[in-house]
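Visitor: For what it's worth, our numbering labels the leading residue of the sequence shown as 4, then goes sequentially. Where a beta carbon is used, it is the ideal one built from N, C-alpha and C, also for glycine.
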Amino acid sequence: MNVIERSPCVGICNPFDLVITDCQMPVMDGFDLARNLRARGHELPVWGFTAHALPRERELCLAAGMNDCLFKPIGLARLRAALADLNREA
Numbered sequence: 004m005n006v007i008e009r010s011p012c013v014g015i016c017n018p019f020d021l022v023i024t025d026c027q028m029p030v031m032d033g034f035d036l037a038r039n040l041r042a043r044g045h046e047l048p049v050w051g052f053t054a055h056a057l058p059r060e061r062e063l064c065l066a067a068g069m070n071d072c073l074f075k076p077i078g079l080a081r082l083r084a085a086l087a088d089l090n091r092e093a
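What follows is the structure, encoded as structure tokens:
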């Protein structure tokens, strides 16, 4: 959150195209990060990244305000496809 909130572009431009966050970070996990970003009005895409490859994990990511959930380990083809989807949405 500090990186985004302290950016010199805050309020003027969107300095980031995408946030990829680990769902299980210490202190503030990816779910809390996504909820905080959304609560502050940030609309940039947020992807959760997790080793828990279960349908429930994806549901938790989406419920927290993330746009997608990627599972570890991720292959280059899946990452390319996710980025292509993001590019189409932009």
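If we count the other Cβ atoms within 10 Å of its Cβ and call it buried at 16 or more, is residue 51 buried or exposed?
Guide: To locate residue 51, count along the sequence shown from 1; it is residue 48. Label assigned to residue 51: buried.
Visitor: Take residue 61 as the anchor and find which of 18, 90, 33 and 21 has the nearest alpha-carbon.
Guide: Residue 61 sits at position 58 when you count from the first residue of the sequence shown. Among 18, 90, 33 and 21, the Cα nearest to that of residue 61 is on 33.
Visitor: Does the beta-carbon of residue 79 have 16 or more other beta-carbons within 10 angstroms, so that it is buried, or is it exposed?
Guide: Here the question's residue 79 lines up with position 76 in the sequence shown. So residue 79 ends up on the exposed side.
Visitor: Give the range of the alpha helix (DSSP H) segment to which residue 19 is assigned.
Guide: If you number the sequence shown from 1, residue 19 lands on position 16. Neither: residue 19 is in no alpha helix (DSSP H) and is coded neither H nor E.
Visitor: By the 10 Å Cβ neighbour count, where 16 or more other Cβ atoms means buried, how is residue 54 classified, buried or exposed?
Guide: The residue you call residue 54 lines up with position 51 of the sequence shown. The residue in question, residue 54, is exposed, as its Cβ has fewer than 16 Cβ neighbours within 10 Å.
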